[in-house]
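Protein chains in written order, with this note's numbering: chain D, 6 to 402; chain Y, 6 to 402.
There are 2 protein chains.
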Amino acid sequence: MSLYLECSKCGEKLDANKTAQLCPKCAAPLLVRYDLKKIDFSPKKLANRPYNLWRYKELLPIKDDRNIVSLGEVITPLIKLDRTAKTLGFNDLYLKDEGMNPSGTFKSRGAAMGISKAKELGVKSFIMPTNGNAGASWALYGARAGIKAHIVMPKDAPEITKKECAVAGADLYLVDGLISDAGKIVAKAVKQYGIFDASTLKEPYRIEGKKTMALEILEQFDWRIPDVILYPTGGGVGLIGIYKALLELRELNIIDRLPRLVAVQAENCAPIVKAFEEKAAESVMWQNAKTIAFGITVPKALGDFLVLEALYQTNGTAKAVSDADILTYQSLLARNDGLFICPEGAAVLAAADQLLKQGWIAANDRVVLLNTGSGLKYPETVNINTPLLNKEDEIIL
Amino acid sequence: MSLYLECSKCGEKLDANKTAQLCPKCAAPLLVRYDLKKIDFSPKKLANRPYNLWRYKELLPIKDDRNIVSLGEVITPLIKLDRTAKTLGFNDLYLKDEGMNPSGTFKSRGAAMGISKAKELGVKSFIMPTNGNAGASWALYGARAGIKAHIVMPKDAPEITKKECAVAGADLYLVDGLISDAGKIVAKAVKQYGIFDASTLKEPYRIEGKKTMALEILEQFDWRIPDVILYPTGGGVGLIGIYKALLELRELNIIDRLPRLVAVQAENCAPIVKAFEEKAAESVMWQNAKTIAFGITVPKALGDFLVLEALYQTNGTAKAVSDADILTYQSLLARNDGLFICPEGAAVLAAADQLLKQGWIAANDRVVLLNTGSGLKYPETVNINTPLLNKEDEIIL
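Right under this line is the structure:
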């Protein structure tokens, strides 16, 4: 079989023609595997294909194009940061703007792939816990596919993500707790009703959507790898997906080395950073997690060992930044380069600047910041303080 | 000269190598003109160009590519509406999703072009009135270019657009009134300080950005024109730009007929619809304008005569819809096709359905709905009513 599932821990192989969740033997996440020796994929084949993530079809798990569920995905822009780079001392700094995805975040890549595969496998409904953006994306792609969504979300998740679930017709539940609490409620419902569980990494296909971030970055750089890629890390699937894509491209002899990968977290929720500093293989549940970068408020990720492996294997690192720095760098980027990014993305810029000042990043390194979402979804990160004029007033410039 | 400005009323010609506002003779808007007989533009030339609006460079006013100010514009998706079409009875219905632009609205096309040309002409600062989204886009592109923005906005404009101006470092002023009141305050400041006036149609280049919507639609349909294009109409520049692009393509013999253009307004602010029904050449200031589709709350547009000309010349029409219908069709589209659009875009779907039921649109017509922005900027259009669970609760499916 050219497409199958493989357990990320015990190596157990599973059929990809029916729905799967965790490994039935050891309860670890399953990864999608392709027979890369037989795959006929090369950058030249892309020339006349549609300009969106579906162009990488040999490395994606959808067997029949008619099952593709699309909300108009684009190749998101890789933007050179001129004024910000100059201000901070970088010479070759880029931002991959995932805010340009449908629903305004990178989560739509996972939803596009996960819902398309769910459609291919005949899934009619699903349930998932979320910090907001993943649930919004899955609800919207689910509506497009005619698949019913049940979404469980912490009450403190971004308000707009609740609205997206509601307008899409999903059944939305709010929980007085964190995503880990939402996960427990979902687990109980899955056990009781046997509904498909679309929780992070309990559903094997969203990684394949997220790995297209790396495929796009490589194609945008004409298949020359950058030196460093920084990623805001909650559940970690974005980073796991990027690392998986890089390994596949290396096996296909399209690249011959790997960029250093950096996991960025918030100081008040930094289990991966702590584990990395202790050279551990897994993380420990973080107590009293709280940060303005709500999307990365994940106290213990199911795929933590995969994230840490990606950091160790690429000579990467992990870095935590403060909420104050997140807001400072969000503003710095908007004022210098006109990009209004989400706090998770701003965390990455803050971390990059610290790593530059510490010498871990060199000024001439080609550095890619992953901005995972649009600032439009985070109005509370910006304060306005401006006088109200009457119709007859004049302004003084 | 191959590029010049021409008055839309008296035909006066002006040099395009220095900044211009309205016609110095008759105070009407200026239009950008190209020597279309000498231009070497054909669809075949586009094959290997970047996949964004700058690919149409022969029909754009930027002379030196180094002046292009970009925030990562993409060719916005043209999405076939399957389930919505079936529900309403259309057989060939598409939505051009302008919510996929930087800052989430079509206004970024105008800002990208206007700011790039301002940079080319050496402008250092500008002022403009706005219903929110245009000001946000111009503030962000201004930041990217290092051009200072002064933005005057009604206090009732979408909250997120105020945040965008603020985060970009623009000087933001809120007015207790409508955009027409903001316009008066801007006019006084322009008179007093001589600052560049980037008001709609007092700045000639934003039309050139907005016309790329039509260029993209045509290319996405392989240069076959659709039967009907519906557009939400406030200031009307989107529609004026689309019409201008169509005329240019016809003069270049790339198309041989025009689609019927439809201006969509809200029942409580419908000056163009009223003028169209009276077969008038211009509109009359609408009293007590108020609609949930805030972006089209424009009681009297400077370019009304150009909008009306576009409707008359293409055998088009004008249609007003209620706020209740706007919310109904916004929800209908999200539930059926997973697209969360702005109320202005929802007005267009509502109008299309009415025109179908009235027979003005035929079921087999190829119909394009312009969704001008993302629903992410309009959280107040969706209500949520969901119980708050405790950590220990279970849900019943």
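The beta-carbon is built from N, C-alpha and C at its ideal position, and this holds for glycine as well.
Between the CA atoms of residue j and residue i - distance to the nearest angstrom
{"i": "Arg88 (chain Y)", "j": "Leu126 (chain Y)", "result": "48 angstroms"}
{"i": "Asn96 (chain D)", "j": "Leu19 (chain D)", "result": "46 angstroms"}
{"i": "Leu295 (chain Y)", "j": "Cys274 (chain Y)", "result": "Correcting the residue identity first, residue 295 (chain Y) is Lys in this sequence and not Leu. So the alpha carbons of these two residues sit roughly 6 angstroms apart."}
{"i": "Ile277 (chain Y)", "j": "Val326 (chain Y)", "result": "13 angstroms"}
{"i": "Val372 (chain Y)", "j": "Cys347 (chain D)", "result": "35 angstroms"}
{"i": "Asp330 (chain D)", "j": "Lys362 (chain D)", "result": "15 angstroms"}
{"i": "Ala175 (chain D)", "j": "Ala144 (chain D)", "result": "6 angstroms"}
{"i": "Asn136 (chain Y)", "j": "Ala162 (chain Y)", "result": "6 angstroms"}
{"i": "Ala351 (chain Y)", "j": "Leu332 (chain Y)", "result": "7 angstroms"}
{"i": "Lys112 (chain D)", "j": "Gly240 (chain D)", "result": "11 angstroms"}
{"i": "Ala271 (chain Y)", "j": "Leu58 (chain Y)", "result": "30 angstroms"}
{"i": "Asn138 (chain D)", "j": "Thr166 (chain D)", "result": "6 angstroms"}
{"i": "Lys50 (chain D)", "j": "Gly321 (chain D)", "result": "31 angstroms"}
Status (buried if at least 16 other CB within 10 Å, exposed otherwise) for residue i
{"i": "Ser288 (chain D)", "result": "buried"}
{"i": "Arg54 (chain D)", "result": "exposed"}
{"i": "Leu76 (chain Y)", "result": "buried"}
{"i": "Trp291 (chain D)", "result": "buried"}
{"i": "Gln335 (chain Y)", "result": "buried"}
{"i": "Lys207 (chain Y)", "result": "buried"}
{"i": "Ile389 (chain D)", "result": "exposed"}
{"i": "Gly380 (chain Y)", "result": "buried"}
{"i": "Pro392 (chain D)", "result": "exposed"}
{"i": "Arg60 (chain Y)", "result": "buried"}
{"i": "Ala141 (chain Y)", "result": "buried"}
{"i": "Asp261 (chain Y)", "result": "exposed"}
{"i": "Gly308 (chain D)", "result": "buried"}
{"i": "Lys284 (chain Y)", "result": "exposed"}
{"i": "Leu43 (chain D)", "result": "According to the sequence shown, residue 43 (chain D) is Lys rather than Leu. With fewer than 16 Cβ atoms within 10 Å of its Cβ, Lys43 (chain D) is classed as exposed."}
{"i": "Lys124 (chain D)", "result": "buried"}
{"i": "Asp186 (chain D)", "result": "buried"}
{"i": "Gly182 (chain Y)", "result": "buried"}
Residue j beta carbon less than 7 angstroms from that of residue i
{"i": "Ala356 (chain Y)", "j": "Lys324 (chain Y)", "result": "yes"}
{"i": "Gly214 (chain Y)", "j": "Met118 (chain Y)", "result": "yes"}
{"i": "Ile184 (chain Y)", "j": "Pro159 (chain Y)", "result": "yes"}
{"i": "Ala154 (chain D)", "j": "Ala339 (chain Y)", "result": "no"}
{"i": "Asp69 (chain D)", "j": "Arg149 (chain Y)", "result": "no"}
{"i": "Leu266 (chain Y)", "j": "Thr217 (chain Y)", "result": "no"}
{"i": "Pro237 (chain D)", "j": "Val269 (chain D)", "result": "yes"}
{"i": "Ile212 (chain Y)", "j": "Gly246 (chain Y)", "result": "yes"}
{"i": "Leu41 (chain D)", "j": "Leu313 (chain D)", "result": "no"}
{"i": "Tyr198 (chain Y)", "j": "Leu394 (chain D)", "result": "no"}
{"i": "Thr377 (chain Y)", "j": "Thr110 (chain Y)", "result": "yes"}
{"i": "Ser130 (chain Y)", "j": "Ile200 (chain Y)", "result": "yes"}
{"i": "Ala93 (chain Y)", "j": "Asp358 (chain Y)", "result": "The amino acid occupying residue 93 (chain Y) in the given sequence is Leu; Ala does not appear at that position. For Leu93 (chain Y) and Asp358 (chain Y), yes; Cβs fall inside 7 angstroms."}
{"i": "Ala194 (chain D)", "j": "Ile132 (chain D)", "result": "yes"}
{"i": "Ile400 (chain Y)", "j": "Glu221 (chain Y)", "result": "no"}
{"i": "Val353 (chain D)", "j": "Leu374 (chain D)", "result": "yes"}
{"i": "Leu251 (chain D)", "j": "Ala219 (chain D)", "result": "yes"}
{"i": "Leu83 (chain Y)", "j": "Lys101 (chain Y)", "result": "yes"}
Cβ distance (whole Å) where residue i is taken to contact residue j below 8 angstroms
{"i": "Asp328 (chain Y)", "j": "Ile301 (chain Y)", "result": "The Cβ separation is near 11 angstroms, so there is no contact."}
{"i": "Lys122 (chain D)", "j": "Pro66 (chain D)", "result": "6 angstroms"}
{"i": "Ile190 (chain D)", "j": "Val157 (chain D)", "result": "5 angstroms"}
{"i": "Leu177 (chain Y)", "j": "Ala171 (chain Y)", "result": "6 angstroms"}
{"i": "Leu10 (chain D)", "j": "Leu35 (chain D)", "result": "4 angstroms"}
{"i": "Glu78 (chain Y)", "j": "Pro48 (chain Y)", "result": "In fact, because the Cβ distance is near 20 angstroms, the residues do not count as touching under 8 angstroms."}
{"i": "Val387 (chain D)", "j": "Lys168 (chain Y)", "result": "4 angstroms"}
{"i": "Asp227 (chain Y)", "j": "Gln26 (chain Y)", "result": "Contact doesn't hold; Cβ gap of about 39 angstroms is too wide."}
{"i": "Val37 (chain D)", "j": "Ala21 (chain D)", "result": "7 angstroms"}
heavy atom of the ligand SAM below 6 angstroms from residue i C-beta
{"i": "Thr166 (chain D)", "result": "With respect to the ligand SAM, the structure shown offers nothing to examine, as it has no ligands at all."}
CB contact below 7 angstroms: residue i versus chain C
{"i": "Ile84 (chain D)", "result": "Annotation note: the requested chain C is absent from the structure, which comprises protein chains D and Y."}
Item to complete: Scan the stretch 38 to 64 of chain D for residues whose Cβ lies nearer than 7 angstroms to a Cβ of chain Y and list them as they occur along the chain.
Response: Tyr56
Item to complete: Taking a Cβ distance cut-off of 8 angstroms, strictly less, list which residues of the stretch 360 to 383 of chain D are near chain Y, in chain order.
Response: Ser379, Gly380, Leu381, Lys382
Practice prompt. Note down, in chain order, all residues in the stretch 137 to 155 of chain D with a beta-carbon under 9 angstroms from any beta-carbon belonging to chain Y.
Written response: Residues of the stretch 137 to 155 of chain D with a Cβ closer than 9 angstroms to any Cβ of chain Y, in chain order: Ala141, Ala144, Leu145, Tyr146, Gly147, Ala148, Arg149, Ala150, Gly151, His155.
Worksheet item: Quick one, which residues of the stretch 121 to 137 of chain D are near chain Y if we go by CB-CB under 9 angstroms, in chain order?
Response: Under the 9 angstroms Cβ criterion, the stretch 121 to 137 of chain D contributes Ser130, Ile132.
Discussion item. Please identify, using Cβ separations under 8 angstroms, the residues of the stretch 336 to 350 of chain Y that lie next to chain D, in order along the chain.
Written reply: Ser336, Ala339, Arg340, Asn341, Asp342, Gly343, Leu344, Phe345
Discussion item. Along the stretch 277 to 304 of chain Y, where does the CB come closer than 7 angstroms to a CB of chain D? Name the residues.
Written reply: none
Practice prompt. Output, in sequence order along the chain, the residues in the stretch 179 to 202 of chain Y whose CB is closer than 8 angstroms to any CB in chain D.
Written response: Leu179, Val180, Asp181, Gly182, Asp186, Lys189, Ile190, Lys193, Ala194, Gln197, Tyr198, Ile200
Worksheet item: In chain order, what residues of the stretch 96 to 117 of chain Y put their CB closer than 8 angstroms to some CB of chain D?
Response: Asp102, Met105, Pro107, Ser108, Gly109
Item to complete: Check each residue of the stretch 219 to 230 of chain Y: if its Cβ is closer than 9 angstroms to any Cβ of chain D, include it; give the result in chain order.
Response: none
Item to complete: Taking a Cβ distance cut-off of 7 angstroms, strictly less, list which residues of the stretch 167 to 178 of chain Y are near chain D, in chain order.
Response: Lys167, Lys168, Glu169, Ala171, Val172, Ala173, Gly174, Leu177, Tyr178
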